[in-house]
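To keep things clear, I will list the structure first and then write my remarks on it.
Residue numbers (the numbering used here): 2 to 138.
Have a look at this one:
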């Protein structure tokens, strides 16, 4: 980690990741279940939110995969362990995963935004044109 301090243990960080993944998956599954129960047809915001959830899922899984490598690098910097044989391959893998996780993060944020915009457009249907103009601005 960049601080070099033991500000959080690996198992605590992984527990937080698993908890956030569980909460998000539960809320998403409940939302999808309610839509199926009400037999609503699929709308644009549903598809956009599904893409955002898949991006979040990929983002979280990528971080779960590289968390042990981060803590090994931190232990190496602290002098607690010696360099391991696959260290350079692990660092290269971590760099690739960090790049991809950044892409997943922004994909998630943008698709949540697009989903909200689609919802607002639906809510503004039938309103005076001034509100629709405000929505586009």
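The beta carbon of each residue, even a glycine, is placed where N, CA and C say it ideally should be.
Distance from the Cα of residue 53 is smallest, within the candidate group 26, 97, 92, 7, for 26.
Short of 8 Å from the beta carbon of residue 94, and not among the five residues preceding or following it, lie these beta carbons of its own chain, in chain order: 67, 70. Counting of Cβ neighbours within 10 angstroms places residue 56 among the buried residues, the total reaching 16 or more. Contact between the segment 102-121 and the segment 39-52 is established, with three or more Cβ pairs separated by less than 8 Å. Taken through DSSP and simplified to helix, strand or coil, residue 24 comes out as helix.
Counting along the chain, residue 118 sits inside the alpha helix (DSSP H) bounded by residues 88-124.
The criterion of a C-beta distance shorter than 7 Å is satisfied by residue 106 and residue 60. In this structure, the CA atom of residue 130 is about 26 Å from the CA atom of residue 112. Apart from sequence neighbours up to five positions away, the residues of its chain that approach residue 132 with a beta-carbon distance below 6 Å are 125, ordered along the chain. The C-alpha of residue 78 is placed about 16 Å away from the C-alpha of residue 86. By the neighbour-count criterion, in which a residue is buried when 16 or more other Cβ atoms sit within 10 angstroms of its Cβ, residue 63 is buried.
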